[in-house]
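Worksheet for the structure shown next.
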Amino acid sequence: ILPEDLPESLQSMADSPEPTGGSEKPESMEEIQKQAILKALEETGGNKTQAAQLLKISRRNLIYKLRSYGL
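In terms of our numbering, the sequence shown has 60 at position 48, counting the first letter as 1, and numbering is strictly consecutive.
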């Protein structure tokens, strides 16, 4: 697929400068997950069952991630 094969709206995006902070290294998936977990726990007052529901993962998976991320 070449740039000219794409719709004009996408072609213009290729010519635009990078978004703010484009020179910074993107966050890792682990860091994004940590932030999402912490936000969910904050929103639910620390309730792991509700946080897991909010994140659409099982409570068991949430607890596993908490342990593996050292949270």
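No residue lacks a Cβ here, since even glycine has one placed at the ideal position from N, Cα and C.
- The alpha-carbon separation between T61 and S40 amounts to approximately 25 angstroms.
- Boundaries for L14: no alpha helix (DSSP H) harbours it, and the DSSP string shows neither H nor E there.
- Looking from the CA of A48, the closest CA among A63, G57, N59 belongs to A63.
- Distance from the CA atom of T56 to the CA atom of P19, rounded to whole angstroms, is 43 angstroms.
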